[in-house]
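A short worksheet on the structure shown next.
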Amino acid sequence: MKIHRFNGATAREALGLVREALGPDAMIMSNRNVDDGVEILACSEQELFSVIDGAPETAADPRLADTKLAEPQSSEDLNVVMDEIRAMRGALETQLAWSGQRQRSPNKAGILKELLSMGFSATLARQLTDDIPAELDVEQGLAKAKEMLIGELSVLGNEDELLKDGGIYALIGPTGVGKTTTTAKLAARCVMRHGPGKLALITTDSYRIGAHEQLRIYGQILGVMVHSVKNEQALQVALEDLKSKHMILIDTVGMSQRDQMVAEHIAMLSGTKVPVKRLLCLSSTSTIETLNEVVQAYRGSGLDGCIITKMDEAATLSNVLDVVLRHKLRLCYMATGQRVPEDLQLADASLLVARAFQHRKSASATRYKDSELPAVMAAEAVRTEASNRGHHAG
Ligand SMILES: Nc1nc2c(ncn2[C@@H]2O[C@H](COP(=O)(O)OP(=O)(O)OP(=O)(O)O)[C@@H](O)[C@H]2O)c(=O)[nH]1
Ligand SMILES: [Mg+2]
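Numbering (our numbering), first residue to last: 18 to 411.
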């Protein structure tokens, strides 16, 4: 069987090349990000069936770049090849299933297409579509999907759990997502309820020039002392000294989710005698892939909630909602701008889902054609399989 390789700047462009060369029923075998875009391996349906039927291979189109599977050299190689074959089988099964689905239930295909165009991942779009009763048309089905999403999101019911009950909270997350600004917004809310004497602010950002200063200025405005700690020992001492406070907010140093120091930092927050609750800041302007990496890197032994930041800048919220649902994170707040303390609201599932669905109207550029759906779903199956195996498929 001839496997053909296609490279495009985007997944859409690469899929276009596949369809152009191999026709609408091309079988996608793998899909991964490469340096200059996306690479898809595919074969034509005819070639696949010729192999299944044991018929001789058809002559390949010489214009197509071919690739051959390497002979395995060791048992480790063999495992890799077996994994690849399993992934290919998964992709083919998904693609065949979706080809049938498209014909049997055009409404479901229509719903799936709309959810994909809003920016939800193929995995979530498929789960939602599967659960929608077959008799619903596209509009009714989408209303049902909206309802299901709202029902599945776990949100902080009211602020009392945080502000009335108090405790120690650390805001964590990658660089520049809004940890310090959100800490200041939360601090202001706490001071408004309980007065400045009940709150303490700690920053673990002790080595970057000016970083401590940013929180100190907010602390000064609110009349709250800011303590700077360098390591776990200093954090323990500070927490012990401040144990009479009703609430302690810890602003942490920002680092890339790919930085190895993240794990050390999470361990430092997890190692304290009094438990520190961790709230992850997720910027709604990041892609699904980045947000997934962020959750995986910062999750540690578990998160106590998340805060969606920069909602005012995001074109759509489907990315961040997809990741929040995938990792079953509890939504606490939404940050909607730079103003301290105004631009912070309690998370509202209906509002968030409505914003994600609003994107539908302006998403025609990202809408897939009916005939592209099986290939899109197969590509997702490959990606999921690879991520389950711990590989980065893109
Ligand atoms: N538009 C918008 N900007 C925000 C929001 N939250 C924070 N910012 C801005 O984003 C920038 C970075 O915010 P910080 O609070 O310093 O982010 P950080 O996570 O503490 O950054 P590091 O400490 O460098 O990791 C600042 O210019 C903030 O004003 C938000 O909800 N919307
Ligand atoms: Mg900061």
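We put the CB at the ideal spot given by N, CA and C, even for glycine. In this text, all values refer to a predicted model and were calculated from it rather than measured experimentally.
Check	Outcome
Selected residue, minimal CA-CA separation from residue 38, among 26, 215, 62, 55	62
Among 372, 348, 319, the one whose alpha carbon lies nearest that of residue 331	372
Chain-order list of residues whose beta-carbon lies under 7 Å from that of residue 135 (same chain, five-residue window excluded)	333, 335, 373, 374, 376, 377, 380
Ligand 2 heavy atom lying under 8 Å from the CB of residue 353	no
Range of the contiguous beta strand (DSSP E) that encloses residue 328	Per DSSP, residue 328 belongs to no beta strand (DSSP E) and is neither H nor E.
Cβ-Cβ distance between residue 263 and residue 322 below 9 Å	no
Cβ pair count under 8 Å reaching 3, the stretch 352-370 against the stretch 313-328	yes
Separation of residue 357 from residue 394, as counted between CA atoms	43 Å
Nearest-angstrom Cα separation, counted from residue 191 out to residue 297	9 Å
With 16 other Cβ atoms within 10 Å as the buried cut-off, status of residue 21	buried
Per-residue DSSP class, three states only, for residue 248	coil
Beta-bridge partners of residue 207, as assigned by DSSP	Answer is none; residue 207 lacks a bridge partner.
Beta-bridge pairing of residue 8 - partner residues as DSSP gives them	Beyond the ends of the chain as shown, which are 18 and 411, falls residue 8; an answer cannot be given.
Beta-bridge pairing of residue 294 - partner residues as DSSP gives them	186
Closer than 8 Å: residue 276 CB and nearest ligand 2 heavy atom	no
For residue 163, the nearest candidate out of 172, 142, 176, 230 (CA to CA)	142
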